[in-house]
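Each step along the sequence shown adds one to the number in numbering that gives the first Met the number 0, with nothing skipped, and position 37 is 36. Reading through the structure tokens given below for one structure.
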Amino acid sequence: MDFLLDNRLISQDADVVKEAVDQYKLFLPSHPDAQLLITQYTPELARILAKVDIKPNRVLSVFNLLQQAVHVPQKKLTSEQLTRIPPLYSVLPNGKNKARVEEADAPLARINYYPKSGEQVESVEHVDRVGNVTSIDTYDCRGFLSRTQTFHRNHALATEQYFTADGTEACLNIFMNNDQGQLTNTVCRVMNSRDEIYEYDNLEQLLGLTLDRYAKEQNGVRIYTNEAHIIPTDITISPIG
0 MDFLLDNRLI
10 SQDADVVKEA
20 VDQYKLFLPS
30 HPDAQLLITQ
40 YTPELARILA
50 KVDIKPNRVL
60 SVFNLLQQAV
70 HVPQKKLTSE
80 QLTRIPPLYS
90 VLPNGKNKAR
100 VEEADAPLAR
110 INYYPKSGEQ
120 VESVEHVDRV
130 GNVTSIDTYD
140 CRGFLSRTQT
150 FHRNHALATE
160 QYFTADGTEA
170 CLNIFMNNDQ
180 GQLTNTVCRV
190 MNSRDEIYEY
200 DNLEQLLGLT
210 LDRYAKEQNG
220 VRIYTNEAHI
230 IPTDITISPI
240 G
């Protein structure tokens with residue numbers, strides 16, 4: 000099985016997406032069964048695919064593999080269905096594709112909706128009493144909680160949790176400053192069904208291993224790309240040309 004790795008497909012720029020689709024179509028005559036491979040986090044991927052001339056089964060997201068969300072049906076998720084927003088809180092319109100959550104006039108969260116979706120929840124920013132963001136819940140456009148990020152008081156990223164479509168934690172990433180003062184993903188933890196914890200150097204390493212495991216289940220996986228950087232993998236990688 001051949002894959003064309005091209006992360007331009009995740010762009011919100013229609014012209015950039017068209018370039019990616021056109022290159023994929025040029026690639027198909029010599030690799031008729033090839034799929035597009037996306038290695039970056041793209042919770043809106045299903046919405047992007049709905050707008051381009053590519054069938055969803057011809058695109059594979061490594062994050063969908065990690066989150067066991069390759070085949071997830073679309074469902075509606077509105078603010079009323081958010082389990083992390085108690086029903087006693089007030090949800091008020093706050094501009095185009097936005098709402099605010101309050102309790103007794105005190106701000107608690109900001110809700111963002113996917114554009115032109117009928118208020119399908121895209122993300123929820125939880126805030127403290129002075130408006131600082133303490134955590135962000137990101138929802139896949141198919142209607143499930145995909146990622147939760149938490150932040151330190153200095154606004155630096157503290158943790159990232161990725162979830163499967165049924166709400167199980169797929170992995171937990173912890174961030175700290177390195178010796179040069181740069182924020183770094185220092186560890187990636189995975190708990191299996193037996194509550195055993197495995198640690199990886201970072202999320203990138205886990206994604207590479209996820210792709211390698213998938214490749215072992217297939218028949219002769221090869222990746223073609225002109226991308227300057229991809230996740231580490233044991234799969235053969237060749238330039239397009």
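Ideal placement from N, C-alpha and C gives every residue a C-beta, glycine not left out.
Residue i - DSSP class collapsed to helix/strand/coil
i      : result
Lys115 : coil
Pro55  : helix
Thr209 : helix
Ser78  : helix
Gln204 : helix
Leu87  : coil
Val16  : helix
Asn184 : strand
Arg221 : strand
Ile196 : strand
Ile47  : helix
Asn6   : helix
Ala214 : helix
Cross-strand partners of residue i (DSSP beta bridge)
i      : result
Glu124 : Arg109 and Ile135
Lys97  : Asn111
Tyr23  : None; Tyr23 has no bridge partner.
Ser60  : Ile37
Arg146 : Thr137 and Tyr161
Pro92  : Ala98
Thr235 : Arg221
Val189 : Tyr197
Asp1   : Arg221
Asp168 : The displayed chain sequence assigns Glu, not Asp, to residue 168. DSSP output for Glu168 lists Phe162 as bridge partner(s).
Cβ-Cβ distance between residue i and residue j below 8 angstroms
i      : j      : result
Pro231 : Gly207 : yes
Pro72  : Tyr138 : no
Gln66  : Ala164 : yes
Asp136 : Thr149 : no
Val120 : Thr77  : yes
Cys187 : Asn176 : no
Asn111 : Lys97  : yes
Ile37  : Ser10  : no
Gly219 : Met0   : yes
Phe174 : Glu168 : no
Val51  : Leu35  : no
Given 8 angstroms, three or more beta-carbon pairs between the segment 98-109 and the segment 124-139 = Flag = yes, the segment 98-109 and the segment 124-139 touch.
Counting Cβ pairs, one atom from each stretch, are 3 or more of them under 8 angstroms apart for the segment 37-47 and the segment 82-91?
-> No, because fewer than three Cβ pairs between the segment 37-47 and the segment 82-91 fall closer than 8 angstroms, the two stretches do not touch.
Cβ pair count under 8 angstroms reaching 3, the segment 0-17 against the segment 213-226 = At 8 angstroms Cβ cutoff, the stretches touch.
Quick one: any contact between the segment 51-70 and the segment 195-211, if contact means 3 or more CB pairs under 8 angstroms?
-> With the cut-off at 8 angstroms, the segment 51-70 and the segment 195-211 touch.
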